[in-house]
Structures are given as structure tokens and as C-alpha cells.
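Report on one structure; see the data block that follows.
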Amino acid sequence: MDNKFSFSEHTSEHISDIKDYLFRIIANWKWFVFAILLALAIAYYFNISSEKIYGLSTTIAVKEKQNPLFSTGTNIAFNWGGVSDKVESIRKALTSRSHNENVIKELGFYIDYLKDGRFRMEDVYKETPFEIKLQPNQNQLLNTLVKIEIIDENNFNLSVDFDAEKKYNLINYKSETTERFIPDNGSFSKSYAFDEYINLPFLKAQILKSDLIKIGIANIFYIKLNSLNSVTSNYKNIRAKGLSGTSLIELSLTGSNKNRIVDFLNKTVEVLSEVELDQKTNYARSTKEFIDAQFKNTSDTLKLIETNIEKFKQQNSIYDLSAQGGEIFSQTTGLDKLQKQFTDRIEYFENLESYIKNNTNFSKIPAPAIINIEDGSISAMVGELTKLSIENEKLSKEVTPNHPSLKLNNDEIETTRNVLLENLSSLKKATLVSLKNSRERLNTYNYQLNKLPNKEQKLLNYQRKYSLTESNYVFLMQKRYEADIAIAASVSDISVLDSAKDTGQGSILPRISFNYMIALLLGVILPLFVVIAKEILDNKIHTAEDIEKLTPIPVLGVIGKNTASNNLAVFLKPKSMVAESFRALRSNIQFLFDRKIKDRSKTILVTSSVGGEGKTFISINMATVFALGGKKTILVGLDLRKPKIFGDFDITNDIGVVNYLIGEKNISEVIKKSKIPNLDIITSGPVPPNPSELLISTATEELITKLKEDYDYIILDTPPIGLVSDALELLKYTDATIFVLRQDYSQKGMLKIINDKHKNDSVSKVSIVLNDFKIKSRYGYGYGYGYGHGYSSGKYSNGYTEVEKKSFLKKLFDKNS
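Quick note, the numbering used here runs 575 ahead of the 1-based positions in the sequence shown.
Shown next as C-alpha cells:
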């Protein structure tokens, strides 16, 4: 038979075959099922054991609200205007530590109400049938559980377990100070009635019975007092998000107790609203205090002038002014009021001019308190300067000093500042001119006044002072009234659009469905990665298909797993599947021989890539099956380095091939009979120092030639071809070569050795036998080889393999299943 193959070496692994690859993955379905069930079980435990976290929010609007009863000139709470960063300021304030600390103090959130849960201590704020009321300015036990066990409707037991090795502290929430506390006993326990005052060295409080929640029998709760700093840090996750394009802020908070979240969100808005309103009316209150002081002085002055006028009239017997005096009085009184108004304006202009010249921050330019500014350009420019100054503060925090936008802003500030100073200067000059004109007109009337009688002049001057003071008195009274209305009518710039409320929202954590989905994905992906990695890194031969993809050398057959006590599987269990496999192999091997040697003695060489692949097992049973078939057979052990075959036949290895090759014994002396009919044995004999030299000697050829004269089949058990070259030297004496591979043991790379020899015609009539084979669902295939796949992919298939039966659990956890 012509064994010249057209050699085509495949360097790619079997994973290139997508169908085969999918079969290999699907064959590991048990691991996928196991991994998915395990992942889902872990997800289930995580879902039920994780603390439930809820998320609630409230939405507020931030808009500056002015009292519509006043114009910008008369409103006592008027400021110069311009854009405000109030939304950003409010947002920062809501997340500030000091603000949150005030909210915690208001709510008493430094007190924890707890109870034992399935996996942890659970927060039961507003779910207890009682609440604790701490006595103010007293020392209380810090960071220690106080157990409250309800006895009946009116009584409870309070207990604390003290650890002798633990340090305890007492805290005073008013002074925010702590001090050391050393308990007298290891534990404390005492019964109290609800609402009874508890006076202990470590606790001074009352446990007040709640009217909203009914007391249950044998309910056990715990109270724990925490430091303000630690509680405040727990609320640093509060988020205040400004909604783009609006003056709205969404305030959100997460936690394990919805009641606590609702109270905190609503209280934080309430506290900030009160603080903001207080700051907003602070200017009006300060102005009112100033007006009140001025009003009192003016009132006292008015009374004094009135008393002086009455005395003057009585002492000088003059009660009314003459017609000329009345005319002078009416003209000078108007001029006096106008002159006072001009003087006040000039004073304010000078103060404003001084502030602008001496300051660089114009975000808080002082507004007029009790004067009216008629020129609208001043208000407009001051508003623009305030706006630019606020923008400058923002940019300074965001960009470097040399940034173009900041430089442009600074230039605009400087330009506006200079224009404002010029306008102030012009306005002040114009007011001075008006003041000068009013004084000149007043001098004219003063000249006419000097023509009146002396008594009438004095009376007129008294009445002028009285009229001016009275006018100022009325003006201050009006401004005080405006200030009172401004304070009373002022409302907070913060309004609640959507308050926080528990409407039955579900928890946001753990995300149950998401966790199950992740568990399902991991249950599929992780074993898939393991299978893929195992397949990629796997360099072992598992099936005959693997061999066919790696070499053109045909697979002669497969041999099942040996279950006999030694290597004499065919002899000891002649009806086993392994024995049938060797009989199939005996039939298939006949097709390896040429017709010209059909009736002559045949030499078969058995080798492998490395040790441990079962070449000795194949050699022994090949020889056995030929011998039992009536053929005179001899098994020759030519593995001179590691002799093996003698042990299975219960013979010694004292004399063997080595003795013949060195001329110490003749051929009849080294041949030994076996217990198997028609089978003789030549063991290898003592291990020589030069095995290769002995095998290439002419004595080896003589030995083979003489054996062919007496035996039908000569089976040569040789060393591994991948380790030493001894077997290569013997190929010239053989009619057929069997290359043994072992399932799950032989490496794919070792086939390159026999491939190279076959390609170079160094080895002819070579076939492969897959040893120690068992069918495994992991590889999907193997069906053709389950019953002794024969020569040329099953064309001469007649043998059987042994299929090992396993329980389900053993299959599941078998690493090769």
C-alpha cells in the first residue's frame, strides 16, 4: 500500500474550527449551570443582606423678592442691584458643614434609635413607641448602646453593658465638650416608668411615651448618642444640584431610614430660609435702629424748640408774625429744607466717592439709607460695577490672573469705575451749585429779615428752626414706618416647590434586578472565560480528531483504558473491550504491509514521543493478540535505558538483548518462554553504558534476521523517539511503525518530531495508536473512536473501547468532564 502522503502542516489550533469550538464550550454545560446557580445564590444573599438605601429629594426656588410697596428710591431695604450669585451661594450653604450641624442640632439627629435586625442594627427613627429627651447642659454617655426593654404599657428597663477594657466618654451637647467616664460596675440595669426623670452619672434624660406608636410587649430597642462631628460627616453626601437655566435647586439625600431623610431635607430648607431671611432684613433692621436714634434726638430737639418758642412768646408778649414776617417765613422755610436736602446728598456723594477710590471690591457698595438719588445714571453704573465685581470674584476662583477673560473683566471694572467717579464729580458739582444758589436766595430773605423788629426776628428764627426740625421729624417718622413695613413684609428668597415626602418609594440600593442580571452574566462569562482559557492553553491531545488536524499520519486505532491488574490486558481479560480493541488493531495493521511480505515474517516497531504514553503496554498486548491468534510471536525489549516488559511476565531481566549484542550469549540463551502460548520474550537485560552504540552495531541486524527465520511477528519495544535517537536506528529493520499517543497526556507539539521524519521519508509505514482513550462529552466528538476508529478514519474500524461509567456528581466535578 502506498503511504506517500501529500504533507500539509496545520499550525493553527483546533479552536479555528468554530463548530468544534462551540461543541467544546457547550460540552461544559454543567459548569455553566453550576456557576449560574452559584452566582444567583450569591446575588440573592447580597440582596437580602445588604442594607436598604433610600433616596429622596426636595426642590426649592431661589429668587430675590423685593417689597412691591416701595420704589428703589424709597425702599429702605434697597440695594444697588446687579446680578446675584444667590443660587450658587444657597447651594454651597446647603452642603456646608456649619449649616448641616445646625440642622442636626435642631432635629436632635445625634441620637440614634436602633433595634436588632437580621443582619445588622437597624435605624428605627420615628418607629419606636418612645423618644428620649436629654436634659440640657448635662453630660451624657457617648458612643455606647443603651438598651431599652419595654416591660409593659407604663414601664421599661434601662441597661448598659460596660466593658472594663474599653474607655468611655461623656459629652455635653451645649458646650460641645467631652470628659472621661469610669463606670463603677461591669453593667447597669434598672427599671423606670415612662416620663420619669433618669438621673444617672452617665445619663440625665427622660424616656417619653409616644402617642403615635403603640407599645408592644417585650420590645427591645437601643439608644446611642453620637458626637456632632461624626454625625455631621455622615451627611456630607447631601447633594444640592442647580437646575441649568433656572433658579431652582434640587436637594437630595440617601440613607437607610426614610423618616430621617424626610425630616432632614425639610428641616435643612427651613433652617436656611430662616437664616437667609434674617440676613436679608439685617440691613433694614440696622437702618431702623439708626433712624430710631435720629428720631429720638429730633423729637427731643423739637420739644425743646417748642418750649423755647412758648417762653419767648410769653416773655415778649408777641404771638404772631406780621404779614411781612409771615411771607419771609414761608420763603425761608422752603429754602432751609432744600438746603438740608442738598447738604445730605453732597455728604453721601463724598462717602460713595471715597469708597470707590479706596476699595477694589465693589460687590457691597453702600446704598443710601434716608436720601433719594434722582439721577438714574448713578444707580445704573453702581449696579453695573457691582455686577462686574461679582463676576470678577467668580473668575478669580476659576482661572489664572493672566487669563484673557479675567483681564477683560478687570478692564471693564476700571472703565466703569472711572465713568462713575466722573459722574459723581459732575453731580456733586451740580449739587454744590444748587446749594450755593439756595444760600444766595436765603441771604436775600435774611436781608429783609433784618428790617423786621428785633422781637419778630427772634420769633421768626425760632419758628424756622421749629419748621425745619418738624419736617425732619416727619421724614424720619415716615422712614421708620417704611423700615417696619420692610421688615414685616420681607419674605425669604427661598421657596419650596416640592417638599420631601415618603410616598412609599422603593429602595435604590441594593438594585435587586440589576444584581441578578450581573450574577447571570458573571455566571455565564466567568466559566466561559475559564473554558476558553483552558482550551487556548491546552496543548494535550484528547481525540483522534486532534491528531488528524495536526498530522497527515493515519490513526490506526484507539485503545481504551486498561482495567487489568497489569499490562497483560488481552491475556487476563480476553473478552474485555480493550482486548477487542487490540484485535481490531491486529486486523487494521495488516493493511500496512506490502503484498510481497504478506507470507513472510513481519517486524513491527512500537515507539512514542516521551515516556509514560503506554508504548510498552501496546507492545505487550500487540504481541499477545498475535500470539493468541496462532502466530508465532516474539516481543523484544529494545528500550535498553528503562527496561520494563519482564515484570508483567514474571521473568527476570538478568539476561537479555544486551548480552547478545555484546557477544556474551547466543540467541537461544536470551529467548525466554512466556505463559502465553506462541509468545516468546527477549528482555533488554542489564542497562549498558552505551545503548545507542549497541543498537547501531551489526549484531542488531543479525538478531533481527535470525528472529525472522523463526517467528511470524517480531514486536520491538523501543525507547521514546522524542527523547533519544535509538528508535530511529531501528526503523530500517521494521515493516511497520506504531507511534503511540496517550489521551490527555501526549502534547500536540511532540507530533512535530514524527511529522518531520515522515515528511523527510525517514519513517515509512507509520501509523498512530491513541492509547488510554475514554469517551468524554467535553470534546463533543469521539463517536467514531468510541468503537475503535481504524485505519484511514474508520474505514477498517472493528475494535471497541472501554467506556467508564460515572455518577452524576463525579461527572460534574471531574475536571475532565
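Glycine included, C-beta positions come from ideal geometry on N, C-alpha and C. Remember, it's a predicted structure, so these values are computed and weren't measured experimentally.
In the DSSP assignment, residue 814 falls outside any alpha helix (DSSP H) and lies within the beta strand (DSSP E) extending over 814 to 817.
Pairing residue 1208 with residue 1198 gives a Cβ-Cβ distance under 7 Å. Within the same chain, 1176, 1207, 1208 and 1209 come within 7 Å of residue 1286 by CB-CB distance, once the 5 residues on both sides are set aside. In the assembly as shown, residue 696 is an exposed residue. Its beta-carbon has fewer than 16 other beta-carbons within 10 Å. Here residue 1247 has 1226 and 1256 as same chain residues with Cβ atoms under 6 Å from its own Cβ, once five neighbours each way along the sequence are excluded. Boundaries for residue 829: no alpha helix (DSSP H) harbours it, while the beta strand (DSSP E) harbouring it runs 823 to 830, taken from the DSSP string. As computed with DSSP, residue 873 is found in no beta bridge at all. Note on geometry: alpha-carbon atoms of residue 1272 and residue 1278 lie some 10 Å from one another. The three-state reading of DSSP puts residue 1042 in helix, counting H, G and I together.
Looking from the CA of residue 849, the closest CA among 971, 678, 874 and 1266 belongs to 678.
Inclusion of residue 1189 and residue 1317 in the CB contact set at 7 Å is warranted, their separation being smaller than that value. Shown here, residue 1135 sits in a strand according to DSSP, grouped into three states.
Taking the Cβ atoms as the reference, residue 1319 lies roughly 5 Å from residue 1115, within the contact range of under 8 Å.
Pairing residue 1332 with residue 1338, the inter-Cα distance amounts to about 5 Å.
Annotation: residue 915 to residue 1049 spans about 14 Å, alpha carbon to alpha carbon. Relative to residue 1039, the option among 974, 1342, 1102 and 877 whose CA is nearest is 877. In the DSSP assignment, residue 1291 is bridged to 1180 and 1211. Contact between residue 732 and residue 764 holds: CB atoms are separated by about 6 Å, below the 8 Å threshold.
Separation of the CB atoms of residue 1118 and residue 1214 is rounded to 28 Å, and the pair is thereby denied contact status at 8 Å. In the structure shown, residue 838 falls within a helical segment according to DSSP collapsed to helix, strand and coil. In this structure, residue 1075 lies away from residue 847, with their beta-carbon atoms at least 7 Å apart. Distance between residue 1195 and residue 597, taken at the CA atoms: about 39 Å. Residue 1264 counts as exposed, since fewer than 16 other beta carbons sit within 10 angstroms of its beta carbon. When rounded, the separation of the alpha-carbon atoms in residue 790 and residue 799 is 20 Å. Selection 1228, 708 and 1323 evaluated against residue 1113 yields 1323 as nearest (Cα-Cα).
The C-beta distance from residue 1133 to residue 1156 rounds to 7 Å, short enough to meet the 8 Å contact threshold. When only Cα atoms are considered, residue 1185 and residue 1085 end up about 56 Å apart. For residue 772, no alpha helix (DSSP H) encloses it; the enclosing beta strand (DSSP E) starts and ends at 772 to 774. At a Cβ-Cβ threshold of 7 Å, residue 729 and residue 768 count as neighbours. In the structure shown, residue 863 adopts helical secondary structure according to DSSP, grouped into three states. Selection 704, 716, 750 and 770 evaluated against residue 680 yields 750 as nearest (Cα-Cα). Here residue 1137 has 1144, 1153 and 1192 as same chain residues with Cβ atoms under 7 Å from its own Cβ, once five neighbours each way along the sequence are excluded. In the three-state DSSP reduction, residue 889 falls in the helix class (H, G or I).
An exposed status is given to residue 1250, since fewer than 16 other beta-carbon atoms sit within 10 Å of its beta-carbon. Looking at the backbone, the Cα of residue 1308 and that of residue 1329 are separated by about 18 Å. Buried is the label assigned to residue 863, since at least 16 other Cβ atoms lie within 10 Å of its Cβ.
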